[in-house]
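Data first, discussion second: the structure below is written as structure tokens.
Number of protein chains: 2
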Amino acid sequence: MAGIKDVAARAGVSVATVSRVLNDHSGVREETRARVLTAVSELSYRPNTLARSLRTDQTRTLGLVISDVLNPFFTELARAVEDAARGRGYSVIIGNADEQLSLQDHHVRTLLDRRIDGLLVSPADGDSVALREAALLGIPMVFVDRWIEGLDIPLVRADGRPAVRDLVAHLYALGHRRLAIITGPVASTTSNERVRAFRSALLEHGLPLPDAYIGQGDFQTASGRQAAERFFALPQPPDAIFATDNLMALGVMEQLRTRGLRVPQDVSLAAFDDIPWFLHTDPPITAIAQPTQELGHRAVAALTDLVEGRSAGSVTLSAHLIARRSCGEDERTRR
Amino acid sequence: MAGIKDVAARAGVSVATVSRVLNDHSGVREETRARVLTAVSELSYRPNTLARSLRTDQTRTLGLVISDVLNPFFTELARAVEDAARGRGYSVIIGNADEQLSLQDHHVRTLLDRRIDGLLVSPADGDSVALREAALLGIPMVFVDRWIEGLDIPLVRADGRPAVRDLVAHLYALGHRRLAIITGPVASTTSNERVRAFRSALLEHGLPLPDAYIGQGDFQTASGRQAAERFFALPQPPDAIFATDNLMALGVMEQLRTRGLRVPQDVSLAAFDDIPWFLHTDPPITAIAQPTQELGHRAVAALTDLVEGRSAGSVTLSAHLIARRSCGEDERTRR
DNA sequence: GCTGCGCATGGAAACGATTACATCGGTCAT
DNA sequence: ATGACCGATGTAATCGTTTCCATGCGCAGC
Numbered sequence: 001m002a003g004i005k006d007v008a009a010r011a012g013v014s015v016a017t018v019s020r021v022l023n024d025h026s027g028v029r030e031e032t033r034a035r036v037l038t039a040v041s042e043l044s045y046r047p048n049t050l051a052r053s054l055r056t057d058q059t060r061t062l063g064l065v066i067s068d069v070l071n072p073f074f075t076e077l078a079r080a081v082e083d084a085a086r087g088r089g090y091s092v093i094i095g096n097a098d099e100q101l102s103l104q105d106h107h108v109r110t111l112l113d114r115r116i117d118g119l120l121v122s123p124a125d126g127d128s129v130a131l132r133e134a135a136l137l138g139i140p141m142v143f144v145d146r147w148i149e150g151l152d153i154p155l156v157r158a159d160g161r162p163a164v165r166d167l168v169a170h171l172y173a174l175g176h177r178r179l180a181i182i183t184g185p186v187a188s189t190t191s192n193e194r195v196r197a198f199r200s201a202l203l204e205h206g207l208p209l210p211d212a213y214i215g216q217g218d219f220q221t222a223s224g225r226q227a228a229e230r231f232f233a234l235p236q237p238p239d240a241i242f243a244t245d246n247l248m249a250l251g252v253m254e255q256l257r258t259r260g261l262r263v264p265q266d267v268s269l270a271a272f273d274d275i276p277w278f279l280h281t282d283p284p285i286t287a288i289a290q291p292t293q294e295l296g297h298r299a300v301a302a303l304t305d306l307v308e309g310r311s312a313g314s315v316t317l318s319a320h321l322i323a324r325r326s327c328g329e330d331e332r333t334r335r
Numbered sequence: 001m002a003g004i005k006d007v008a009a010r011a012g013v014s015v016a017t018v019s020r021v022l023n024d025h026s027g028v029r030e031e032t033r034a035r036v037l038t039a040v041s042e043l044s045y046r047p048n049t050l051a052r053s054l055r056t057d058q059t060r061t062l063g064l065v066i067s068d069v070l071n072p073f074f075t076e077l078a079r080a081v082e083d084a085a086r087g088r089g090y091s092v093i094i095g096n097a098d099e100q101l102s103l104q105d106h107h108v109r110t111l112l113d114r115r116i117d118g119l120l121v122s123p124a125d126g127d128s129v130a131l132r133e134a135a136l137l138g139i140p141m142v143f144v145d146r147w148i149e150g151l152d153i154p155l156v157r158a159d160g161r162p163a164v165r166d167l168v169a170h171l172y173a174l175g176h177r178r179l180a181i182i183t184g185p186v187a188s189t190t191s192n193e194r195v196r197a198f199r200s201a202l203l204e205h206g207l208p209l210p211d212a213y214i215g216q217g218d219f220q221t222a223s224g225r226q227a228a229e230r231f232f233a234l235p236q237p238p239d240a241i242f243a244t245d246n247l248m249a250l251g252v253m254e255q256l257r258t259r260g261l262r263v264p265q266d267v268s269l270a271a272f273d274d275i276p277w278f279l280h281t282d283p284p285i286t287a288i289a290q291p292t293q294e295l296g297h298r299a300v301a302a303l304t305d306l307v308e309g310r311s312a313g314s315v316t317l318s319a320h321l322i323a324r325r326s327c328g329e330d331e332r333t334r335r
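Protein sequences appear in the order of chains A and B.
If you use UniProt numbering, the first sequence closes out at 335, no skipped numbers anywhere.
If you use UniProt numbering, the second sequence closes out at 335, no skipped numbers anywhere.
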């Protein structure tokens, strides 16, 4: 591959001049600039970003560590992030943590080793050494969707609490009294928030949330299946299940299918995070939708602010309930 | 961030020695090595991969350009690719082409600018200048799932033709005679293959494939919706629709839903690429499943072979039909 | 006819690593 | 005692850029 020297030689100028026209600095004679440009295209020269970044100490690259690529919510987020970043002249390197702390930290380190300009992360459950080090190092960093308590990092997310409250009201109105929830990993901030909101909404209706009705999940399909299994081994199984993400809802459906149980006749089902398929499942699934795209855009905006030396604050958007048939029929969903 | 010089200084050795222990070259006294190692950890030093790659001319990074992150088939593929690559000590940078030639070429260029060691791509429809240039430059490269005619690049894919033939037989046995197909972009190799297999299978049963029953899609949801719309504007709409990917099948379902049509009573539906949700849609959707994980693993194996100077050949795996209720009931699906 | 200034350009140092080659004791065979 | 060799380490060139500083030139002001 041709280097800047080759271009310089062919244009009959020094490398400094080539560099100047490439980064369009002023003070290059128009005719010289033209000569350089033709040399560039004749050699189909492309600058080596490694060398450039090494010298300038910036990569114009953002790192994005997501919890699970197989989760449609995160792929949609990733898509939005990449779009926004590209619009601002950054590229994005995605790391998939697969909900594992160790894999997350592996990616964070790899990303830092590449000297990315900033890091966008929706942290997995648990205490991440890599993330804490990064924060200490002063790497520009923004949390999206999930966060880590005690770290002073801007956070872009949707507050799901009001929507959870709406969901409980909806379930109550449909006559459900034994409501269960499937959580994410124990220390997951989003999941905990959803559980607390769920519990306090139940309280408003005078309903308890027995421990047996709290299924411990990990945001992945298999855990939804297992939690459902445990619910149905109970002497008195719940009559409605709220999965705190869409993959666990999928797991619940798989379990119901093997048991031959019907939704919503035998049990109701609702999920956090709306995805296109929920409209076409049997039955369509009631879900709480987040403004995923905007989450991605806002996160990139915040991060680039940080990277470019401006300040950035947290952003909280809101989520809303979309009632479908999986919780039973009411005046809104019946037609 | 600490550099190799800082480590050298603290350990009281030269940078050469530090480099030697870092890359565990032989010929360093055990005691020196230990001193260096403690210096490394005390400073929590991490080598700058930019500098390293610049010097060694290798990044231990693979580029993966996929057609559409929102397509579960590709995210599963990406996941498998990343796993396999990590297992071999490579990391992966993903570019999402969003089925657009220009975006694909943008990513290919960006990836090459980063001096990735090899490129894995499932090319979008059309003539890609960037890809051809890369091939000419001799960049190690492997196609996965899709390919470009006339480029001599190893290809890892699943041959869907026998499965398509099975699908047609299945539909025929269920009494369907007016079979329609929704294709991908015009020049898409996989889509064309599927159409040809579909047409010749129809021929075996003495059935025609009128142009009106060929819906022009682009592998994305909206195009499935539009193709279905056109089918139902026909004086005699098809009684079975085969979407050549899962997102277009989603689009068809959306369209059917707005028209109030039922599957399979009013029309049957089948898709290429099986995804977990197909089991839970209303009704469950008949699909042709590819061995996605293995596709990813084999592709990485082939690419790393190339990168590391070995030779690599194409790989063809097979896909198989999974009959569900969306095409009607037969002895296999009824129970 | 100098001096000084600004403009266009070139020379060379840096970025942080790797690595070919040089150096320096020490050991061993002669 | 001498020289060859070996093992451990250091010196410095190098990768492909950017950028600070120097240089040379023409021109205006005196």
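For glycine and all other residues, C-beta sits at the position ideal for the given N, C-alpha and C.
* Asked: Got a sec: which bits of the region 243-263 of chain A sit with their beta carbon under 8 angstroms from any beta carbon on chain B, in order along the chain?
  -> Listed by position, the residues of the region 243-263 of chain A near chain B (Cβ gap below 8 angstroms) are Leu250, Met253, Glu254, Arg257.
* Which residues, taken in chain order from the region 116-145 of chain A, show a beta carbon closer than 8 angstroms to some beta carbon of chain B? -> Per Cβ criterion, the list reads Glu133, Leu137.
* Check whether Gly217 of chain B and Met253 of chain B have beta carbons under 8 angstroms apart -> Not in contact: Gly217 of chain B and Met253 of chain B (Cβ atoms no closer than 8 angstroms).
* Skipping 5 residues on each side, what residues in its chain have a beta carbon closer than 6 angstroms to that of Asn71 of chain A? -> Cβ neighbours of Asn71 of chain A beyond the five flanking positions: Leu247.
* Quick one: using the 10 Å Cβ neighbour count with 16 as the cut-off for buried, is Asp211 of chain A buried or exposed? => With fewer than 16 other Cβ atoms within 10 Å, it is exposed.
* Three-state secondary structure (DSSP) at Gln104 of chain A? -> Reduced to three states, the DSSP call for Gln104 of chain A is helix.
* Asked: In chain order, what residues of the same chain have a beta carbon less than 8 angstroms from the beta carbon of Asp68 of chain A, not counting five sequence neighbours either side?
  -> Phe74, Asn96, Ala97, Asp98, Glu99, Phe219, Gln220, Leu247.
* Can you tell me whether Gly224 of chain B is buried or exposed, with buried defined as 16 or more other CB within 10 angstroms of its CB? -> It counts as buried.
* Can at least three beta-carbon pairs, one atom from the region 320-331 of chain A and one from the region 294-309 of chain A, be found at a separation below 8 angstroms? -> In short, these stretches do not touch, since the Cβ pair count stays below three.
* To do: Confirm, please, whether the CB-CB distance from Leu209 of chain B to Phe198 of chain B is below 8 angstroms.
  => For Phe198 of chain B and Leu209 of chain B, yes; Cβs fall inside 8 angstroms.
* Just how far apart, CA to CA, sit Pro140 of chain B and Leu43 of chain B? -> Taking C-alpha positions only, Pro140 of chain B is separated from Leu43 of chain B by approximately 37 angstroms.
* To do: Tell me where the beta strand (DSSP E) around residue 336 of chain B begins and ends.
  => This structure gives no information on residue 336 of chain B, because the portion of chain B shown stretches from 1 to 335.
* Span separating the alpha-carbon of His106 of chain A from that of Ala201 of chain B -> For His106 of chain A and Ala201 of chain B, the gap between their C-alpha atoms comes out near 49 angstroms.
* Which residues of chain B have a Cβ atom closer than 7 angstroms to the Cβ of Thr75 of chain A, listed in chain order? -> By Cβ distance, chain B contributes Val69, Leu70, Thr75.
* Asked: Roughly how many angstroms lie between the CA atoms of Pro320 of chain A and Asp166 of chain A, to the nearest whole one?
  -> It is worth fixing the name first, because residue 320 of chain A is His in this sequence and not Pro. Computed Cα separation, rounded: 8 angstroms.
* Asked: Where do the N-terminal and C-terminal ends of the beta strand (DSSP E) with Thr61 of chain B fall, by residue?
  -> Start and end: 61-66.
* Asked: Going along chain B in order, which residues have a C-beta closer than 7 angstroms to the C-beta of Ile93 of chain A?
  -> Per Cβ cutoff of 7 angstroms: Ile93.
* Asked: What number of angstroms, rounded off, separates the C-alpha of Lys5 of chain A from the C-alpha of Gly12 of chain A?
  -> Gly12 of chain A has its alpha-carbon roughly 10 angstroms from the corresponding atom of Lys5 of chain A.
* Reduced DSSP secondary structure (H/G/I, E/B, other) of residue 336 of chain A -> The question about residue 336 of chain A has no answer here: the residues shown for chain A are numbered 1 through 335.
* Determine, using beta carbons only, whether Arg297 of chain A comes closer than 8 angstroms to chain B. => In the sequence under discussion, the amino acid at residue 297 of chain A is His, which differs from the Arg named in the question. Nearest CB-CB separation between His297 of chain A and chain B: not below the 8 angstroms threshold.
* N- and C-terminal bounds of the beta strand (DSSP E) containing Met141 of chain B -> Judged by DSSP secondary structure, Met141 of chain B falls within the beta strand (DSSP E) whose first and last residues are 141-144.
* Asked: Phe198 of chain A lies in the alpha helix (DSSP H); which residues open and close that run?
  -> Start and end: 189-204.
* How is Gln226 of chain A classed by DSSP in three states: helix, strand or coil? -> Residue state, collapsed to three classes: helix.
* Asked: Which residues in chain A sit within 7 angstroms of Thr82 of chain B, going by Cβ to Cβ distance?
  -> Reading off the sequence shown, one finds Glu at residue 82 of chain B, where the question assumed Thr. The answer, in chain order, is Asn96.
* Asked: CB-CB under 6 angstroms to Arg115 of chain B, same chain, minus the five flanking residues each way: which ones, in chain order?
  -> A distance below 6 angstroms between beta-carbons, with the five flanking residues on each side excluded, links Arg115 of chain B to the following residues of its chain, in chain order: Thr59.
* To do: Could you name the residues of chain B that Ala85 of chain A contacts, counting a contact when the two beta carbons are closer than 7 angstroms?
  => By Cβ distance, chain B contributes nothing, its closest Cβ being about 12 angstroms from Ala85 of chain A, past 7 angstroms.
* Val300 of chain B, DSSP secondary structure in three states -> Helix at Val300 of chain B.
* Asked: When you compare only the Cα positions, how much space is there between Glu308 of chain B and Gly184 of chain A?
  -> Between Glu308 of chain B and Gly184 of chain A, the C-alpha separation is close to 41 angstroms.
* DSSP three-state assignment for Asp166 of chain A, whether helix, strand or coil -> Three-state result, Asp166 of chain A: helix.
* Asked: Comparing alpha-carbon positions, which option in A:Ser53, A:Leu101, A:Ser122, A:Val108 lies nearest Val81 of chain A?
  -> Across the set A:Ser53, A:Leu101, A:Ser122, A:Val108, the C-alpha of A:Ser122 shows the shortest separation from the C-alpha of Val81 of chain A.
* Asked: Name the chain B residues that come within less than 8 angstroms of Arg114 of chain A, Cβ to Cβ?
  -> Per Cβ cutoff of 8 angstroms: Thr49, Leu50.
* Asked: Can you tell me whether DSSP reads Pro72 of chain B as helix, strand or coil?
  -> DSSP places Pro72 of chain B in helix when its eight states are reduced to three.
* Would you please verify whether the beta carbon of Ala78 of chain A is less than 8 angstroms from any beta carbon of chain B? => Answer yes: the Cβ-Cβ gap between Ala78 of chain A and chain B drops below 8 angstroms somewhere.
* Asked: Exposed or buried, what is Leu179 of chain B when buried is set at 16 or more other beta-carbons lying within 10 Å of its beta-carbon?
  -> Flag for Leu179 of chain B reads buried.
* What is the DSSP secondary structure of Asp24 of chain A, reduced to helix, strand or coil? -> The answer is coil: DSSP assigns Asp24 of chain A none of H, G, I, E or B.
* Asked: Any Cβ of chain A within less than 8 angstroms of the Cβ of Thr333 of chain B?
  -> Unreliable positioning characterises Thr333 of chain B in this predicted model, as indicated by a pLDDT of 45, which lies under 50. The coordinate reading is nonetheless provided below. So, not an interface residue.
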